[in-house]
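Protein chains in written order, with my numbering: chain A, 1 to 217; chain B, 218 to 434; chain C, 435 to 655; chain D, 656 to 876. Beta carbons: idealized from backbone N, C-alpha and C, even for Gly. Quick caveat: nothing in here was measured; it's all calculated off a predicted structure. One structure below.
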Amino acid sequence: MNKIVDYAGIKPLLKDGMTMMIGGFLGCGTPEGLIDLIIELELKELTIIGNDTSFVDRGIGRLVANGNVKQVIVSHIGTNPESGKRMTEGTMAVELSPQGTLIERIRAGGSGLGGVITPTGVGTIVEEGKNKILLAGREYLIEMPLRADVALVYASTADTFGNCYYRGTTKNFNPIIALAADTVIVEAETVVAAGEINPEVIMTPGVLVDYVVKGEY
Amino acid sequence: MNKIVDYAGIKPLLKDGMTMMIGGFLGCGTPEGLIDLIIELELKELTIIGNDTSFVDRGIGRLVANGNVKQVIVSHIGTNPESGKRMTEGTMAVELSPQGTLIERIRAGGSGLGGVITPTGVGTIVEEGKNKILLAGREYLIEMPLRADVALVYASTADTFGNCYYRGTTKNFNPIIALAADTVIVEAETVVAAGEINPEVIMTPGVLVDYVVKGEY
Amino acid sequence: MAVDANRAKEIIAKRIAMELKDGQLVNLGIGLPTLVANYIPDGVNVVLQSENGMVGMGPTPEEGKEDKYITNAGGQLVTIQPIGAFFDTAMSFSLIRGGHVDVTVLGALEVDQEGNLSNWIIPGKLVPGMGGAMDLVTGAKKVIVAMQHTAKGELKIKKRCELPLTAKGQVDMIVSELGVMAVTAEGLVLKEIHRDTTVEEVISLTEAELIIDDNIKVMEI
Amino acid sequence: MAVDANRAKEIIAKRIAMELKDGQLVNLGIGLPTLVANYIPDGVNVVLQSENGMVGMGPTPEEGKEDKYITNAGGQLVTIQPIGAFFDTAMSFSLIRGGHVDVTVLGALEVDQEGNLSNWIIPGKLVPGMGGAMDLVTGAKKVIVAMQHTAKGELKIKKRCELPLTAKGQVDMIVSELGVMAVTAEGLVLKEIHRDTTVEEVISLTEAELIIDDNIKVMEI
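Put into structure tokens, the structure is as follows:
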């Protein structure tokens with residue numbers, strides 16, 4: 001089973017209005033070639049789930065600045081002035097979720113768990129509109145799982161079966177979003193034959209991956 | 218900071234009545250030297266949390282057969298006739314938790330989450346006495362976190378700072394229990410200097426580990 | 435139709451193997467379900483999961499090539515295929531509970547016409563524990579029960595399970611040596627029978643109410 | 656006592672560095688808290704966490720030795736020490752929320768005598784988002800606020816925070832260029848003051864009610 005496609009092969013999979021999870025932390029570990037593709041396709045009304053909106057000229061930040069995005073669900077927008085501007089103008093909705101809560105919501109969505117029971121946000125405006133629960137004498141929020149139509153994953157190395165290895169701090173959200181989307185697309189810096197990645201360092205097994213594209217970054 | 222001790226150095230840490238998490242899956246990835254130590258110390262009234270009670274002559278199974286155990290919290294006891302016998306006699310209590318629920322309960326205990334919201338067990342006797350919750354139209358159980366006084370971890374390789382690498386299927390419960398105990402003791406097949414394990418393959422960072430003993434198995 | 439246990443198991447395993455599709459992630463329970471791996475058609479490559487922490491599980495190692503740190507969920511020595519990966523039990527059950535396992539095949543003590551399954555406890559007699567079975571039956575996309583149609587004369591395909599359940603209403607398909615049954619909104623539908631039995635015999639050996647499929651077929655094994 | 660911002664930050668960072676103990680896992684927020692790393696005493700080896708996915712974070716790489724795939728939570732290039740490890744964000748916040756981080760040092764817009772902290776939003780003006788701050792303040796064993804005592808004449812150590820909170824009642828210690836305050840069950844206790852200020856001056860620049868410690872000391876920096 002060979003999952004390798006080129007960027008042209010990815011185009012039909014990306015559509016207006018989709019919810020997309022995108023890996024990366026301030027752009028480190030974001031599949032920039034897939035970002036290019038979204039801009040080239042002039043996609044509209046996207047909902048983007050990721051850690052942050054990065055910088056204006058990098059990763060998710062480029063999609064925000066380019067006007068592809070209807071809504072973001074992230075933990076931080078402070079490094080991208082376009083995000084604040086669009087939020088204030090009312091042209092882009094922003095849901096802020098604490099980073100640890102956000103990653104657990106994605107993990108829950110990908111792991112069949114019905115929600116996340118976290119102390120983070122109790123007593124703050126983050127708790128507004130959410131279920132609270134008292135367990136073993138402590139108050140917690142119940143935060144709801146997140147899933148997406150598509151996950152755009154950056155891998156340092158992927159094999160033709162889709163197994164992924166993430167080097168350094170590129171791991172961040174990538175192995176978690178690969179659990180939580182209907183279609184998982186990997187942009188890999190290096191592509192190798194199945195079996196060439198040590199099975200001990202694979203964080204995303206290929207069974208989770210639908211397509212692998214060789215990155216041009 | 219050198220965390221290396223010998224078995225004698227571990228002895229004062231292990232006491233009657235403790236709750237212990239022990240790594241391994243049917244004995245694969247269990248620190249047998251630390252099991253020996255518990256037997257040698259003739260510890261009593263232990264509560265053991267682990268995947269299963271293994272076989273009579275292996276891993277947690279040896280503690281059950283030797284009478285060190287007051288209670289087990291596991292997903293399976295079928296491979297160890299001593300477990301069923303002691304449960305029937307009433308000399309050992311058995312709490313059965315579905316495997317995926319059990320590992321999430323330990324992960325929750327080690328990750329500051331207040332519980333686990335899982336569909337597993339709904340409509341079965343597993344739900345007895347537990348909170349149920351309806352979220353997004355589906356019914357879930359709320360399963361409570363688990364923590365222990367001590368985690369007994371098996372690692373293939375540990376460094377002097379406590380960083381751990383687990384080979385093959387020895388991973389199982391080991392990296393998760395290392396999050397969820399007040400004291401974490403690692404028995405490593407191989408011990409190396411700090412920095413000799415590739416930081417990409419470390420599943421348990423040394424900051425979680427209190428003691429490392431070179432395994433004699 | 436009278437066949438011995440080994441022949442019955444072979445029929446069941448062969449038929450279930452035909453359900454598997456190329457590229458699927460499959461979890462086979464201990465015992466009879468494990469035999470399914472022997473009959474997977476040429477050209478169909480499935481990925482086997484072992485819930486202790488592996489995908490891409492391969493067969494028993496050749497003598498001299500055993501690795502004591504590569505074991506399956508039954509504790510036996512196995513191998514890993516080139517497409518495989520190792521991980522911890524939390525990740526393993528993210529795959530299982532999260533719906534990433536396409537097919538799970540499990541044995542049963544009892545199964546019923548509403549798709550309920552009992553396979554982990556006989557109170558007061560046998561308490562092995564559920565292991566990963568509850569999560570597998572709850573989380574896998576397709577749940578196939580592999581079982582001999584009766585056990586020592588007892589009917590095991592019930593109107594309603596009497597033993598404690600493994601999961602409620604999660605079974606999709608039951609395959610026995612006599613036939614193939616599908617759990618549907620209308621009830622339990624007999625879709626196929628073995629060439630050496632009759633619909634009447636299957637009905638007589640089944641406590642559940644069976645709906646006979648209009649296009650009932652002979653098992654192609 | 657009038658010092659410029661750089662000197663104030665140096666005082667704060669030096670004093671907080673004295674709180675750190677050998678072997679602790681420490682998370683330093685962006686900005687002023689990052690400076691703490693420059694003043695850690697000899698013989699004290701702490702492990703720095705970067706919440707994007709690393710423990711054992713080292714300093715900025717030498718020129719020519721940068722690795723674009725080793726970055727900190729501010730997106731800057733860093734290095735990893737021999738005792739370090741990389742992991743994903745879920746593991747990173749298991750460490751944080753799970754109480755494995757011994758000390759976190761963060762900046763503040765406001766902090767109050769009940770240990771409340773506001774540092775992530777000024778509604779209608781500045782909405783950077785909380786990033787990992789809410790989890791850090793909720794989960795870390797010891798929360799130290801590093802802040803200049805006042806900002807443009809505004810008193811920032813309040814009776815009660817007016818801005819939206821980052822977390823409720825989680826702050827343990829506040830260190831400013833004027834002194835060291837501890838949040839206790841009795842209230843906010845002034846434990847130390849800088850040698851160039853007076854208790855009266857600190858009180859006058861603090862909106863919160865300060866309890867003066869019987870054994871109040873001069874900051875040893």
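Handout entry: Any C-beta of chain B under 9 Å from that of residue 23 of chain A
Key = Counting from one through the first sequence, the residue named residue 23 of chain A turns up at place 23. Output row for residue 23 of chain A: interface = no.
Handout entry: Beta-carbon neighbours of residue 192 of chain A, restricted to chain B and to distances below 8 Å
Key = Here the question's residue 192 of chain A lines up with position 192 in the first sequence. Per Cβ cutoff of 8 Å: no residues; residue 192 of chain A is ~16 Å from chain B at best.
Exercise for the section: Give the secondary structure of residue 91 of chain A by DSSP, where H, G and I count as helix, E and B as strand, and everything else as coil. Expected result: For the purposes of this step, residue 91 of chain A is taken as residue 91 along the first sequence, with counting starting at 1. Looking at residue 91 of chain A - three-state DSSP - the assignment turns out to be coil, as it is neither helix nor strand.
Handout entry: Contacts that residue 136 of chain A makes with chain B (C-beta to C-beta distance below 9 Å)
Key = Translated into positions along the first sequence, residue 136 of chain A becomes position 136. Here the neighbours are 331, 332, 361, 362.
Exercise for the section: Identify which residue in D:708, D:664, D:702 has its Cα closest to the Cα of residue 688 of chain D. Expected result: If you number the fourth sequence from 1, residue 688 of chain D lands on position 33. Selected option, being the one with the closest Cα: D:664.
Practice task
Could you work out which residues of chain B lie near residue 752 of chain D, taking near to mean beta carbons separated by less than 9 Å?
Solution key: By 1-based counting over the fourth sequence, the position of residue 752 of chain D is 97. What residue 752 of chain D touches in chain B: 328, 329, 330.
Exercise for the section: Would you tell me roughly how many angstroms separate the C-alpha atoms of residue 377 of chain B and residue 410 of chain B, rounded to the nearest one? Expected result: Translated into positions along the second sequence, residue 377 of chain B becomes position 160. Translated into positions along the second sequence, residue 410 of chain B becomes position 193. Between residue 377 of chain B and residue 410 of chain B, the C-alpha separation is close to 5 Å.
Problem - Nearest-angstrom beta carbon gap, residue 487 of chain C and residue 389 of chain B [assumed within contact, 8 Å] - result: For the purposes of this step, residue 389 of chain B is identified with residue 172 of the second sequence, where counting begins at 1. For the purposes of this step, residue 487 of chain C is identified with residue 53 of the third sequence, where counting begins at 1. Indeed they touch by this definition, with Cβ atoms about 5 Å apart.
Exercise for the section: Specify whether the stretch 413-428 of chain B and the stretch 566-584 of chain C touch according to this definition: at least 3 beta carbon pairs, one from each stretch, less than 8 Å apart. Expected result: no
Exercise for the section: Have a look at residue 158 of chain A and residue 119 of chain A and give me their C-alpha separation to the nearest angstrom. Expected result: Counting from one through the first sequence, the residue named residue 158 of chain A turns up at place 158. Counting from one through the first sequence, the residue named residue 119 of chain A turns up at place 119. Distance between the alpha carbons of residue 158 of chain A and residue 119 of chain A: 36 Å.
Practice task
Quick one: which residues of the stretch 312-324 of chain B get their C-beta closer than 8 Å to a C-beta of chain C? List them in chain order.
Solution key: 313, 315, 316, 317, 318, 320, 321, 324
Practice task
Consider the Cβ of residue 12 of chain A: report whether some Cβ of chain C lies at a distance smaller than 9 Å.
Solution key: Within the first sequence, numbered from 1, the residue matching residue 12 of chain A stands at position 12. With 9 Å as the cut-off, residue 12 of chain A does not count as an interface residue toward chain C.
Practice task
Measure the beta-carbon distance from residue 146 of chain A to residue 178 of chain A and round it to whole angstroms, keeping in mind my assumption that it falls under 8 Å.
Solution key: Residue 146 of chain A sits at position 146 when you count from the first residue of the first sequence. Residue 178 of chain A sits at position 178 when you count from the first residue of the first sequence. That belief does not hold up - the Cβ atoms of residue 146 of chain A and residue 178 of chain A are roughly 13 Å apart, past 8 Å.
Exercise for the section: Give a yes or no on whether 9 Å exceeds the smallest Cβ distance from residue 119 of chain A to chain B. Expected result: Working through the first sequence from its first residue, we reach residue 119 of chain A at position 119. Residue 119 of chain A counts as touching chain B.
Problem - Test item: CB-CB of residue 796 of chain D and residue 757 of chain D under 9 Å - result: Here residue 796 of chain D corresponds to residue number 141 of the fourth sequence, with the count starting at 1. Here residue 757 of chain D corresponds to residue number 102 of the fourth sequence, with the count starting at 1. Cβ distance < 9 Å, so residue 796 of chain D and residue 757 of chain D count as in contact.
Exercise for the section: Only counting runs of 4 or more residues, tell me where the alpha helix (DSSP H) segments fall wholly within the stretch 502-570 of chain C, in order along the chain. Expected result: 523-531
Practice task
Taking only the alpha-carbon atoms, compute the straight-line gap between residue 259 of chain B and residue 428 of chain B and give it to the nearest angstrom.
Solution key: Against the second sequence, residue 259 of chain B aligns to sequence position 42. Against the second sequence, residue 428 of chain B aligns to sequence position 211. Approximately 21 Å, taken between the alpha carbons.
Practice task
Assign residue 483 of chain C to one of three DSSP states: helix, strand, or coil.
Solution key: Residue 483 of chain C sits at position 49 when you count from the first residue of the third sequence. Three-state DSSP puts residue 483 of chain C in a strand.
Problem - Interface residues of chain B facing residue 200 of chain A [CB-CB closer than 7 Å] - result: Numbered from 1 along the first sequence, position 200 holds the residue referred to as residue 200 of chain A. Neighbours of residue 200 of chain A on chain B, chain order: 384, 418.
Problem - Backbone CA spacing between residue 13 of chain A and residue 744 of chain D [nearest angstrom] - result: Sequence index remark: in the first sequence, residue 13 of chain A carries index 13 (1-based). Sequence index remark: in the fourth sequence, residue 744 of chain D carries index 89 (1-based). So the alpha carbons of these two residues sit roughly 27 Å apart.
Handout entry: Interface positions of the stretch 556-577 of chain C facing chain B (Cβ-Cβ less than 7 Å), listed along the chain
Key = 561, 562, 563, 564, 565, 566, 568, 569, 572
Exercise for the section: Say whether chain C places a C-beta atom closer than 9 Å to the C-beta of residue 180 of chain A. Expected result: For the purposes of this step, residue 180 of chain A is identified with residue 180 of the first sequence, where counting begins at 1. Yes, because at least one Cβ of chain C sits closer than 9 Å to the Cβ of residue 180 of chain A.
Exercise for the section: Could you check which residue in A:114, A:55, A:209 has the C-alpha nearest to that of residue 353 of chain B? Expected result: Taking the second sequence and counting its residues from 1, one reaches residue 353 of chain B at position 136. The candidate whose alpha carbon is nearest that of residue 353 of chain B is A:114.
Exercise for the section: Whole angstroms is fine: what's the gap from residue 508 of chain C's alpha carbon to residue 571 of chain C's? Expected result: Here residue 508 of chain C refers to the residue found at position 74 when the third sequence is read from its first residue. Here residue 571 of chain C refers to the residue found at position 137 when the third sequence is read from its first residue. Roughly 18 Å between the two C-alpha positions.
Handout entry: Selection of the stretch 450-462 of chain C by Cβ proximity to chain A, strictly under 8 Å
Key = 456, 457, 459
Handout entry: C-beta atoms of residue 762 of chain D and residue 774 of chain D nearer than 9 Å
Key = Start at 1 with the first residue of the fourth sequence, and residue 762 of chain D comes out as number 107. Start at 1 with the first residue of the fourth sequence, and residue 774 of chain D comes out as number 119. Result yes, Cβ atoms of residue 762 of chain D and residue 774 of chain D sit closer than 9 Å.
Problem - Proximity of residue 277 of chain B and residue 241 of chain B at Cβ, strictly below 9 Å - result: Working through the second sequence from its first residue, we reach residue 277 of chain B at position 60. Working through the second sequence from its first residue, we reach residue 241 of chain B at position 24. It is a contact, given that the beta carbons lie within the stated cut-off.
Exercise for the section: Note down, in chain order, every chain A residue with its Cβ under 9 Å from the Cβ of residue 357 of chain B. Expected result: The count along the second sequence starts at 1 and reaches residue 357 of chain B at position 140. Residues of chain A passing the Cβ test: 113, 114, 115.
Problem - Straight-line gap, residue 70 of chain A to residue 516 of chain C (C-alpha atoms, nearest Å) - result: Looking up residue 70 of chain A in the first sequence gives position 70. Looking up residue 516 of chain C in the third sequence gives position 82. Answer to the nearest angstrom: the Cα atoms are 42 Å apart.
Handout entry: Positions along the stretch 505-520 of chain C whose CB lies within less than 9 Å of some CB in chain A
Key = 514, 515, 516, 517, 518, 519, 520
Practice task
Could you have a look at residue 99 of chain A and say whether DSSP puts it in helix, strand or coil?
Solution key: Walking along the first sequence from the start, residue 99 of chain A turns up at place 99. Residue 99 of chain A falls in the helix class under three-state DSSP.
Practice task
Please list, in chain order, all residues of the same chain as residue 683 of chain D whose beta carbon is under 7 Å from its beta carbon, the five residues on each side excluded.
Solution key: Within the fourth sequence, numbered from 1, the residue matching residue 683 of chain D stands at position 28. 689, 691, 692, 703, 760.
Practice task
State buried or exposed for residue 408 of chain B, treating a residue as buried only when at least 16 other CB atoms are found within 10 Å of its CB.
Solution key: Your numbering for residue 408 of chain B matches position 191 in the second sequence. By the neighbour-count rule (16 or more Cβ atoms within 10 Å), residue 408 of chain B is buried.
Handout entry: Length at least 3, wholly inside the stretch 566-652 of chain C: the beta strand (DSSP E) runs in chain order
Key = 576-580, 607-609, 613-618, 621-627, 644-652
Exercise for the section: Would you mind sorting residue 97 of chain A into buried or exposed? The rule is 16 or more other CB atoms within 10 Å of its CB. Expected result: As a first step, residue 97 of chain A is located in the first sequence; it is residue number 97 there, counting from the start. Label assigned to residue 97 of chain A: buried.
Exercise for the section: Please decide whether residue 394 of chain B counts as near chain A, where near means a Cβ-Cβ distance under 9 Å. Expected result: Working through the second sequence from its first residue, we reach residue 394 of chain B at position 177. Answer no: the Cβ-Cβ gap between residue 394 of chain B and chain A never drops below 9 Å.
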